[in-house]
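Asker: Sharing a structure below in structure tokens format, with a few things to ask.
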Amino acid sequence: MFILPYAIFLALIFAYPLIQAVWISTHDFFFTAPGVSVPKPLVGFDNFATVLSDPDVRRSFLNIAIFLVINVPLTVLIALVLASALNGALRGRTFFRTAFFVPYVAASVAVVGVWLWLFSSNGLVNTLLGPLAPDPAWLVNSAFAMPLIAVYVTWKQLGFFILLYLAALQAVPKERYESAAVDGAGAVRSWWSVTVPGVRPATFLVLLLATITGANLFTEPYLLTGGGGPNGASMSPVLLMYQKGIEQGQPDVAAAIGVVLILGVLLLSLGIRRATGRD
Amino acid sequence: MRKIITTVAATAAAALFLAACGGDEGAGADATEARGPIQIWYSNNAAEIEWGEAMVEAWNADHPDEQVTAQEIPAGSSSEEVIGAAITAGNTPCLIFNTSPAAIPQFQKAGGLVPLSDFEDGASYIEARTGDVAEQYKSEDGSYYQLPWKSNPVMIFYNKDMFAAAGLDPEAPSLATYDEFLETSRMLVESEAAVAAIWPSPGGEFFQPWFDFYPLFAAETGGTQMIEDGEPQFSSEAGLAVAEFWETMYAEGLSQQEAYNGDAFGDAQSAMSIVGPWAIAAYDETLNWGAVPVPTSAGTSAEETWSFSDAKNVAMYSSCENRATAWDVMKLATSEDQDAALLELTGQMPLRTDLTTTYADYFAANPAYEAFADQAARTVEVPNVPNSVQIWQEFRDAWTASVIFGEEEPAAAFEAAAASAADLAAGS
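Top line first, the protein sequences correspond to chains A and B. What the first sequence shows, in this note's numbering, is residues 7 to 285, in sequence order. What the second sequence shows, in this note's numbering, is residues 530 to 957, in sequence order.
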């Protein structure tokens with residue numbers, strides 16, 4: 007009885023849309039005005055066949071794989087290193103903690119504007135690089151567009167993950183560092199042997215959240231590379247769902263992409279769970 | 530464990546119940562004869578708001594029992610998305626004075642539109658006002674689901690000061706043929722008068738071809754639509770000629786592969802832009818501008834050059850209860866007097882047959898608009914075929930890969946896109 011409110015909440019906010027999405031993905035479905043009765047026949051896995059045979063969809067999943075391979079390890083590594091540094095006796099610690107958190111709370115649209123300026127062909131980065139600047143420029147270069155988005159998202163989200171690690175670091179017993187020091191461990195050895203294993207539960211959480219939010223990438227390719235450009239090099243599955251479901255009136259195909267994405271993220275999450283020893 | 534199973538089962542049961550509740554509600558009653566208050570939406574630009582408010586005031590003064598409530602289209606990433614969502618939710622207003630012709634097939638499929646041909650004088654009113662051009666707005670079932678309202682026929686706007694800085698004649702620019710356009714563009718960029726000669730958006734959105742490919746395709750073909758009789762036309766010789774022209778522009782850096790974060794023409798980063806008559810008011814006080822028709826391979830005289838209409842129309846939505854009132858408001862809003870007010874306030878061209886003669890005084894007083902009014906007589910619209918937006922997206926993807934980024938041959942890319950477009954236009 008006590009869990010009934012939560013069960014209702016779960017049914018309304020999570021289960022209903024999920025079941026609806028699965029239902030839509032297995033039917034010939036399109037949005038209609040209320041009262042308009044049109045047949046929405048069961049088509050089985052036809053929408054999934056359409057999705058899996060579509061080179062644009064396959065490309066978007068490859069793009070998101072590239073994104074995750076860069077973004078997730080980078081997030082874990084930088085967030086942990088910076089959190090460890092901020093957890094120590096550092097001058098201006100409060101300033102740095104705030105500074106790392108600012109991009110996370112800043113509006114994406116405003117921050118994207120700055121990055122557009124930085125990485126445009128006549129932007130600051132190319133000006134500094136001079137003859138070493140890539141041609142075409144970063145955001146219209148097929149090789150660099152998705153990696154740059156991965157770096158951008160890493161930077162943007164870093165403050166939140168640093169915060170998670172900072173909380174986890176408080177829970178690492180001081181005695182372990184003292185024991186390591188007695189055993190002759192230096193700062194690096196102590197970090198590797200005490201800090202890293204000590205924050206393993208947080209690392210699991212960071213890996214999981216970074217993977218889930220990364221797999222749902224939308225805003226950055228929408229704004230930073232003009233809708234998944236250049237030529238689809240930064241197209242993400244969620245952006246493609248938006249195009250097909252909202253712009254092109256194919257919610258059934260969009261739902262099928264969504265279901266494939268959910269399954270992919272579930273598999274990845276299980277893999278992360280095993281890799282971090284949380285079975 | 531038992532508790533978890535119970536919770537999951539209860540959650541799933543509740544969700545299935547909710548899913549079952551989401552079915553159709555049954556057809557609404559025919560309201561073609563009904564009269565009473567209605568709601569309308571219009572565009573959110575200042576000039577159209579002013580026109581809309583005045584039009585509504587004029588109607589309301591004479592119809593105390595059939596009051597019109599008006600508001601701007603709610604904010605969204607595009608009007609079409611907002612309208613699409615409103616159709617699904619069943620909360621569209623009676624009329625929307627900013628309906629894109631490209632979205633009509635989708636809205637029609639969703640059951641969101643009222644066929645205007647159902648009104649006794651529906652088809653005759655539209656055809657009398659718009660003439661032969663109205664045919665382009667007729668749906669495949671032979672009905673009109675939109676009232677052709679106004680067009681923004683696109684032309685090439687150029688910055689005279691930048692042309693002069695590049696050593697070009699600003700009063701008679703050499704822009705009629707592709708070769709002339711390319712040569713002029715080279716001089717503009719090589720002289721560093723402009724970063725890009727012309728800077729259309731290289732974005733991948735489905736509507737971007739309307740401002741790079743389609744105007745030139747209309748001109749090159751003398752008024753052929755993207756799809757005619759179910760057959761895609763863009764992979765024709767004319768379509769490939771347009772592609773080759775733009776491919777050269779991008780390959781030589783005369784147009785940029787990178788999107789400009791702002792208005793490249795307004796910021797004097799590009800010397801030319803493809804725009805409609807709205808640009809006159811927008812740039813009149815900031816730029817020394819000139820306007821010429823879009824180029825063709827052989828060079829066509831201005832009075833024979835076709836272009837893209839960039840029209841926005843009025844549609845009646847199926848949630849409307851008082852449709853007789855809505856139809857009368859449509860007719861008032863597109864009457865000769867209201868069209869005159871629209872022209873005066875917005876500079877956009879009412880889609881009526883006798884534009885230049887009916888408003889001869891206006892064009893005499895505002896000669897800058899005369900070229901656009903003349904162009905309005907030779908415009909093509911986006912084809913009114915099933916899956917219109919998907920077709921444009923297929924084409925844009927092919928264009929981006931081949932013309933802008935040179936990763937494919939345009940002929941092969943267009944051929945593949947045409948095959949998909951043919952299937953989509955057939956409704957599959």
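We treat Cβ as the ideally placed atom computed from N, Cα and C, and that holds for glycine. Only a predicted model underlies this, so the values are computations on that prediction, with no experimental measurement involved.
Is it buried or exposed for B/M684, if we count other Cβ within 10 angstroms and need 16 for buried?
Answerer: Taking the second sequence and counting its residues from 1, the one referred to as residue 684 of chain B is at position 155. By the 10 Å Cβ count, B/M684 comes out buried.
Asker: Quick one, which of A/N237, A/A187 and A/Y110 has its alpha-carbon nearest A/A85's?
Answerer: Looking up residue 85 of chain A in the first sequence gives position 79. When only C-alpha atoms are compared, the closest one is A/Y110.
Asker: Candidates B/A576, B/I933, B/A862 and B/F740: which alpha carbon is nearest B/W588's?
Answerer: Residue 588 of chain B sits at position 59 when you count from the first residue of the second sequence. Nearest of B/A576, B/I933, B/A862 and B/F740 to B/W588, Cα basis: B/A862.
Asker: Whole alpha helix (DSSP H) runs in the region 225-285 of chain A with 4 or more residues, listed along the chain?
Answerer: 225-230, 243-248 and 257-281, all fully within the region 225-285 of chain A.
Asker: Is B/V724 near A/N132, with beta carbons less than 9 Å apart?
Answerer: If you number the second sequence from 1, residue 724 of chain B lands on position 195. If you number the first sequence from 1, residue 132 of chain A lands on position 126. Not a contact, by the Cβ cut-off of 9 Å.
Asker: Can you give me the Cβ contacts of B/E749 inside the same chain, cut-off strictly under 7 Å, excluding the 5 residues immediately before and after it?
Answerer: Residue mapping note: residue 749 of chain B aligns to position 220 of the second sequence, counting from 1. Here the set comprises A767, A770, V771, T825 and S826.
Asker: Would you give the residue range spanned by the alpha helix (DSSP H) that A/K46 belongs to?
Answerer: In the first sequence, residue 46 of chain A corresponds to position 40, counting from 1. Neither: A/K46 is in no alpha helix (DSSP H) and is coded neither H nor E.
Asker: Could you compute how far the alpha carbon of A/A186 sits from the alpha carbon of A/F101?
Answerer: Walking along the first sequence from the start, residue 186 of chain A turns up at place 180. Walking along the first sequence from the start, residue 101 of chain A turns up at place 95. Between A/A186 and A/F101, the C-alpha separation is close to 30 Å.
Asker: Excluding sequence positions up to five away, which residues of its chain have a Cβ less than 8 Å from the Cβ of B/G696?
Answerer: Taking the second sequence and counting its residues from 1, one reaches residue 696 of chain B at position 167. Within the same chain, B/G696 has close Cβ partners M716 and S720.
Asker: Should B/T887 and B/E873 be called a contact, given that it needs their Cβ atoms to be closer than 9 Å?
Answerer: Sequence index remark: in the second sequence, residue 887 of chain B carries index 358 (1-based). Sequence index remark: in the second sequence, residue 873 of chain B carries index 344 (1-based). In this structure, B/E873 does not lie closer than 9 Å to B/T887 by Cβ.
Asker: Within 9 Å (strictly less), CB to CB, does A/S31 reach chain E?
Answerer: The question asks about chain E, but that chain is absent: this structure's protein chains are A and B.
Asker: Give the straight-line distance between the Cα atoms of A/F8 and A/Q163, rounded to the nearest whole angstrom.
Answerer: Along the first sequence, one-based indexing puts residue 8 of chain A at 2. Along the first sequence, one-based indexing puts residue 163 of chain A at 157. Each residue's alpha carbon lies about 36 Å from the other.
Asker: Report yes if the C-beta distance between B/A705 and B/M778 is below 9 Å; otherwise report no.
Answerer: Against the second sequence, residue 705 of chain B aligns to sequence position 176. Against the second sequence, residue 778 of chain B aligns to sequence position 249. Their beta carbons are not under 9 Å apart, which means B/A705 does not touch B/M778 by this criterion.
Asker: Using beta-carbon positions only, say whether B/P630 and B/A793 come within less than 9 Å of one another.
Answerer: The residue you call residue 630 of chain B lines up with position 101 of the second sequence. The residue you call residue 793 of chain B lines up with position 264 of the second sequence. No, Cβ-Cβ distance for B/P630 and B/A793 is not below 9 Å.
Asker: Taking CB distances under 9 Å as the criterion, tell me whether B/D670 reaches chain A.
Answerer: Here residue 670 of chain B refers to the residue found at position 141 when the second sequence is read from its first residue. So no, B/D670 is outside the interface.
Asker: Which residues, taken in chain order from the region 724-749 of chain B, show a beta carbon closer than 9 Å to some beta carbon of chain A?
Answerer: So the list reads V724, S730, P731, G732, G733, E734 and F735, given in the order they occur along the chain.
Asker: DSSP three-state label for A/S90, please.
Answerer: As a working mapping, residue 90 of chain A is identified with position 84 in the first sequence. Helix at A/S90.
Asker: Counting only Cβ pairs nearer than 7 Å, list the residues of chain B close to A/V131.
Answerer: For the purposes of this step, residue 131 of chain A is taken as the residue at position 125 of the first sequence. By Cβ distance, chain B contributes nothing, its closest Cβ being about 13 Å from A/V131, past 7 Å.
Asker: On a Cα-Cα basis, can you pick out the residue from B/E586, B/I578, B/Q568 and B/I616 that is closest to B/T598?
Answerer: The residue labelled residue 598 of chain B in the question sits at position 69 within the second sequence. Among B/E586, B/I578, B/Q568 and B/I616, the Cα nearest to that of B/T598 is on B/Q568.
Asker: By Cβ distance below 6 Å, which residues in the same chain neighbour B/W739 in space, the five residues on each side in sequence not counted?
Answerer: On the second sequence, residue 739 of chain B is found 210 positions in, with the first residue counted as 1. Only F837 meet the Cβ criterion.
Asker: Taking 6 Å as the limit between beta carbons, can you name the residues of its chain near A/A17, skipping five residues before and five after?
Answerer: As a position in the first sequence, residue 17 of chain A is number 11, starting the count at 1. Nothing listed; no residue qualifies.
Asker: Starting from the Cα of B/A869, find the closest Cα among B/T885, B/T854 and B/W856 and give me that residue.
Answerer: On the second sequence, residue 869 of chain B is found 340 positions in, with the first residue counted as 1. Nearest option by C-alpha distance: B/T885.
Asker: For the 8 Å Cβ check, are there 3 or more pairs between the region 139-155 of chain A and the region 234-243 of chain A?
Answerer: Short answer: they touch.
Asker: Along the region 31-45 of chain A, where does the CB come closer than 8 Å to a CB of chain B? Name the residues.
Answerer: Cβ contacts with chain B: F36, F37, T38, A39, P40, G41, V42, S43 and V44.
Asker: Assuming B/G565 and B/E595 make a contact with CB atoms under 8 Å, what is their CB distance in whole Å?
Answerer: On the second sequence, residue 565 of chain B is found 36 positions in, with the first residue counted as 1. On the second sequence, residue 595 of chain B is found 66 positions in, with the first residue counted as 1. B/G565 to B/E595, Cβ: 6 Å. Contact.
Asker: Would you mind listing the alpha helix (DSSP H) stretches within the region 710-794 of chain B that are 4+ residues and don't spill past its ends, in chain order?
Answerer: Runs found: 742-750 and 766-780.
Asker: Taking the C-alpha atoms as reference points, what is the distance between B/E554 and B/Y674?
Answerer: By 1-based counting over the second sequence, the position of residue 554 of chain B is 25. By 1-based counting over the second sequence, the position of residue 674 of chain B is 145. For B/E554, the predicted model reports a pLDDT of 36, less than 50, meaning its position is unreliable; a value from the coordinates is still stated below. Rounded to the nearest angstrom, the two C-alpha atoms are 23 Å apart.
Asker: Can you give the beta carbon distance from B/F626 to B/S703, rounded, assuming they're within the 8 Å contact cut?
Answerer: Taking the first residue of the second sequence as position 1, residue 626 of chain B is located at position 97. Taking the first residue of the second sequence as position 1, residue 703 of chain B is located at position 174. Not a contact, Cβ separation roughly 40 Å.
Asker: Buried or exposed: which applies to B/Q600, given that a residue is buried once 16 or more other Cβ atoms fall within 10 Å of its Cβ?
Answerer: Here the question's residue 600 of chain B lines up with position 71 in the second sequence. When all chains shown are included, B/Q600 counts as exposed.
Asker: Just tell me which of B/A800, B/D903 and B/D857 has its CA closest to the CA of B/V585.
Answerer: The count along the second sequence starts at 1 and reaches residue 585 of chain B at position 56. Of the candidates B/A800, B/D903 and B/D857, the one whose C-alpha sits nearest the C-alpha of B/V585 is B/D857.
Asker: Kindly indicate if chain A contains any beta-carbon less than 9 Å away from that of B/S646.
Answerer: Residue numbering aside, residue 646 of chain B sits at position 117 when the second sequence is read from its first letter. No, no contact with chain A.
Asker: Can A/L273 and A/L122 be called in contact, C-beta distance under 9 Å?
Answerer: Residue numbering aside, residue 273 of chain A sits at position 267 when the first sequence is read from its first letter. Residue numbering aside, residue 122 of chain A sits at position 116 when the first sequence is read from its first letter. Cβ distance not < 9 Å, so A/L273 and A/L122 don't count as in contact.
Asker: Tell me whether A/I218 is buried or exposed, calling it buried when 16 or more other Cβ atoms sit within 10 Å of its Cβ.
Answerer: Reading the first sequence from its first residue, position 212 is the one you call residue 218 of chain A. Counting Cβ neighbours within 10 Å, A/I218 comes out exposed, since fewer than 16 surround it.
Asker: Taking Cβ-Cβ distances shorter than 8 Å, what residues in chain B pair up with A/E226?
Answerer: Reading the first sequence from its first residue, position 220 is the one you call residue 226 of chain A. Result: empty, since nearest Cβ-Cβ is about 14 Å, beyond 8 Å.
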